[in-house]
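Residues in the sequence shown are numbered consecutively from 860, following my numbering.
We put the CB at the ideal spot given by N, CA and C, even for glycine.
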Amino acid sequence: MKKAVLMCTCSFACPSMKDIDFGELSERIRMELPKDYMLLHPRLCEEDAEQMLEDLLKEGVYYVTPACKEEKQKKLLRDGFERAGVQMNSNWKPVSISFKTTDQAFEDIKTALEEV
Ligand code: SF4
């Protein structure tokens with residue numbers, strides 16, 4: 860199974876992500892972690908992102924999504940996965956990067972990828 864990281868930056872404005880340098884984090888993910896590709900998006904839970912997920916997501920890829928709290932992601936990303944016809948329970952792993960530093964977020968994303 861392929862692995863992909865779809866990271867949501869919450870418009871680069873969420874107070875809970877103020878300690879994350881998304882430029883550094885995305886480049887470290889790209890360069891240092893074992894995955895097939897990564898994508899950075901400012902608002903994965905909005906309508907245009909759901910359209911993107913509908914076009915992008917497919918079976919045979921495991922999606923790790925660094926974003927807000929896991930329970931919140933489950934509700935907010937559900938429609939995009941549904942529209943793509945991809946099962947969240949078998950193809951998706953959320954990672955909460957709320958209230959994390961760049962280093963903490965990187966380590967949690969690394970762990971999630973290793974667990975796939
Ligand atoms: S999915 Fe979560 S992190 Fe992304 S924009 Fe929506 S609330 Fe913010």
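{"Query": "Contact under 8 Å by Cβ, A926 with C867", "Result": "yes"}
{"Query": "Burial state of A971 (16 or more Cβ within 10 Å)", "Result": "buried"}
{"Query": "Sub-8 Å separation of N948 and Y921 beta-carbons", "Result": "no"}
{"Query": "Touch test, the segment 889-900 against the segment 930-944, Cβ-Cβ under 8 Å, three pairs minimum", "Result": "no"}
{"Query": "Reference K917, options K952, F940, L903, closest by Cα", "Result": "F940"}
{"Query": "Secondary structure of S957, DSSP reduced to three states", "Result": "coil"}
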